[in-house]
Amino acid sequence: MGKHKDKGSKRKSDCPKEKAARKLAKERARAHFLDGESGTWAKKLAAESESTTVHGGAEAGATDTAPDQGHGSATSAGSRGPDYSTPTAIDIAADPVLSAIAARRSISKVESLTPNDADLREIIRTISSVADHKGLRPWRFLIIRGDDRIRLGEAFDEAAGVTRKPGEINEKPLRAELILALVSSSSDHPKVPDWEQHAVAAGAGHLLELALWQAGWGVMWRSGNLTNEPSVRRLHRLEANELLMGWFYIGAIPDRYRQRLQTSTRPLPEPEQFLDTL
Ligand SMILES: Cc1cc2nc3c(=O)[nH]c(=O)nc-3n(C[C@H](O)[C@H](O)[C@H](O)COP(=O)(O)O)c2cc1C
Numbered sequence: 119m120g121k122h123k124d125k126g127s128k129r130k131s132d133c134p135k136e137k138a139a140r141k142l143a144k145e146r147a148r149a150h151f152l153d154g155e156s157g158t159w160a161k162k163l164a165a166e167s168e169s170t171t172v173h174g175g176a177e178a179g180a181t182d183t184a185p186d187q188g189h190g191s192a193t194s195a196g197s198r199g200p201d202y203s204t205p206t207a208i209d210i211a212a213d214p215v216l217s218a219i220a221a222r223r224s225i226s227k228v229e230s231l232t233p234n235d236a237d238l239r240e241i242i243r244t245i246s247s248v249a250d251h252k253g254l255r256p257w258r259f260l261i262i263r264g265d266d267r268i269r270l271g272e273a274f275d276e277a278a279g280v281t282r283k284p285g286e287i288n289e290k291p292l293r294a295e296l297i298l299a300l301v302s303s304s305s306d307h308p309k310v311p312d313w314e315q316h317a318v319a320a321g322a323g324h325l326l327e328l329a330l331w332q333a334g335w336g337v338m339w340r341s342g343n344l345t346n347e348p349s350v351r352r353l354h355r356l357e358a359n360e361l362l363m364g365w366f367y368i369g370a371i372p373d374r375y376r377q378r379l380q381t382s383t384r385p386l387p388e389p390e391q392f393l394d395t396l
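Note that the sequence shown covers residues 119 to 396 in this note's numbering.
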């Protein structure tokens, strides 16, 4: 019944050349693993980057990313960012990443200037580091600009059963020139239930907010009861297994807001309320 396996044909060759090639392939896969490329695709990536040099267990230029873009640079010599060899003291004020996280705010009214598509691509590339069980990447964003925002308003109206006079439109999606819709795209997996995949997508949403904040852009995550109504799902061409997680309204932070942010002292809550033991 089962397939006959010819074990002999799987035996690895002792030929020194082939042994060296196997060792190199292993090192490349390991380098990708160190660069965060864990999972089955590490081997594939390693095979694709045969021309790159392997040194010291980590590989420079492991992907097609330009060197100054930092992808995978944490393990490369001369990398930017913290020294990961020892944990540092937690100092929110002194650490630019921690202070950005602690200071993050949603900006409900943004101005018309938006990140361009190249910036967006970089931000999406950055946040793809989101923790992801089995690396399923169960999330994507849809870019909504221009008249597509009017179509979004029409879908909201249809979902809410609202009819308008000729020439009137739902202006809610016009609150920003750029909207990103977040889609959680879960698939059947024996070890990763749906809820974990939705958690990954939500994580991507939170990282998106942080990355935009750190880059100086305003953003607010909005959703609501109509989010997964049929007309709205149809507009976003969702498959049955997919869930809309809401929309990110993005734009420049107005000056008056920026000034308030400089002097704002929104206190951080006491951590005890978020901590307990079993
Ligand atoms: C999934 C999700 C959906 C949200 N939907 C809305 C919404 O529809 N309307 C709204 O006013 N705030 C919404 N919020 C909350 C705002 O994005 C924001 O977090 C809140 O106003 C608090 O401001 P802060 O982020 O500066 O603390 C949502 C947040 C999340 C995470």
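Glycine is no exception: its CB is placed at the ideal position from the N, C-alpha and C atoms. Just so it is clear, the structure is predicted and the values come from calculations on it, not from any experiment.
Following the DSSP letters along the chain, one finds GLY336 inside the beta strand (DSSP E) bounded by residues 335 to 340. Counting only runs that start and end inside the stretch 344 to 378, the alpha helix (DSSP H) elements of at least 4 residues fall at 348 to 353. Secondary structure of LEU270 (DSSP, three-state): helix.
Secondary-structure assignment with DSSP links SER303 through a beta bridge to GLU360. Around the beta-carbon of ARG239, fewer than 16 other beta-carbon atoms lie within 10 Å, marking it exposed. Note that the C-beta distance between ALA277 and VAL350 is below 9 Å. With a cutoff of 8 Å, TRP335 does not count as near ligand 1, since its C-beta is closer than that to no heavy atom of the ligand.
Apart from sequence neighbours up to five positions away, the residues of its chain that approach LEU254 with a beta-carbon distance below 7 Å are SER305, HIS307, VAL310, GLN315, ordered along the chain.
Between LEU325 and ILE368, the C-beta spacing is not below 9 Å. In this chain, the alpha helix (DSSP H) harbouring LEU330 covers 312 to 332. Contact check for ARG258 against TRP331 fails: the beta carbons are separated by 9 Å or more. Cβ contact annotation for ALA333 (same chain, cutoff 8 Å, sequence separation greater than five): PRO233, ASP237, ILE241, in chain order. Per DSSP, reduced to three states, the secondary structure at LEU393 is coil, with no helix or strand assignment.
The C-beta distance from ILE371 to GLY336 rounds to 4 Å, short enough to fall under 8 Å. Here the distance from the Cβ of GLY321 to the nearest heavy atom of ligand 1 is not below 8 Å. Judged by their CB atoms, ALA218 and LEU379 are not nearer to each other than the 9 Å cut-off. The residue from ILE210, ALA221, PRO205 with its alpha-carbon nearest to that of ARG384 is ALA221. Ranked by Cα distance from LEU231, the first of ARG263, TRP313, ARG269, ASP275 is ARG263. When the alpha-carbon of GLU229 is set against those of ARG140, ALA320, LEU296, the nearest one is in LEU296. Assignment of ILE210 by DSSP, reduced to helix, strand and coil, places it in the coil class.
For ARG378, the shortest C-beta to heavy atom distance toward ligand 1 is 8 Å or greater.
Between SER341 and TRP313, the gap from beta carbon to beta carbon reaches 9 Å or more. Excluding five sequence positions before and after ALA322, the CB atoms of its chain that fall closer than 6 Å to its own CB belong to ILE245, VAL248, TRP257, given in chain order. Rounded to the nearest angstrom, the gap between the Cα atoms of ARG282 and ARG269 is 14 Å.
Assignment of GLU240 by DSSP, reduced to helix, strand and coil, places it in the helix class.
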